[in-house]
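When the count follows full-length UniProt numbering, it moves up by one through the sequence shown with no breaks and lands on 108 for the last residue. Read through the structure below, which is laid out as structure tokens, and then see the notes.
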Amino acid sequence: MSEFSDDNDYTNGEFHPRYNLFWYTSILITGTLFCLIVGKLSFFAYQRLKERLVLESLKSISRTVKEADDEDQIKRRMAFSEMFRLRRRRKRKNTQTLILTKRILFKL
1 MSEFSDDNDY
11 TNGEFHPRYN
21 LFWYTSILIT
31 GTLFCLIVGK
41 LSFFAYQRLK
51 ERLVLESLKS
61 ISRTVKEADD
71 EDQIKRRMAF
81 SEMFRLRRRR
91 KRKNTQTLIL
101 TKRILFKL
């Protein structure tokens with residue numbers, strides 16, 4: 001019997017595919033492809049979940065940021081209004097002192 005006569009080995013029951021190198025390579029290739037496909041699908045699922053988590057956190061952060069921005073705007077407006085009030089008071093004081101000095105000078 002020759003070593004390449006697969007038909008005779010099948011009929012005799014002596015053919016064992018585990019003795020063939022092609023059997024091992026095909027199993028390794030299919031296993032590798034299966035692992036790659038499962039890994040890629042799980043990575044895509046992980047990315048989607050991460051995007052959802054980021055979007056949800058951004059939504060919650062944006063609410064708090066909007067509230068903080070509103071508070072900051074209120075504080076800024078109050079600070080500006082206080083600055084303008086102080087300037088107005090100073091102007092009033094300056095005009096009053098000018099009027100008083102003019103009266104004093106003209107009386108003399």
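Beta carbons: idealized from backbone N, C-alpha and C, even for Gly. Keep in mind it's a predicted model, so treat the numbers as computed, not measured.
Contact criterion: CB-CB distance below 7 Å. Does residue i meet it with respect to chain C?
i: alanine 79; result: Of the chains in the structure shown, none is chain C; there is only one protein chain.
Excluding the 5 residues preceding and the 5 following residue i in the sequence, name in chain order all residues of the same chain whose CB lies nearer than 6 Å to its CB.
i: cysteine 35; result: none
i: tyrosine 46; result: none
i: phenylalanine 80; result: none
Excluding five sequence neighbours on each side, which residues of the same chain lie with their C-beta closer than 8 Å to the C-beta of residue i?
i: alanine 68; result: none
Residues in its own chain within less than 7 Å of residue i by CB, not counting five upstream and five downstream?
i: glutamate 82; result: none
_Segments of 3+ residues assigned as beta strand (DSSP E) that fall wholly inside the stretch 19 to 73_ = DSSP assignment within the stretch 19 to 73 yields no whole beta strand (DSSP E) run of 3 residues or more.
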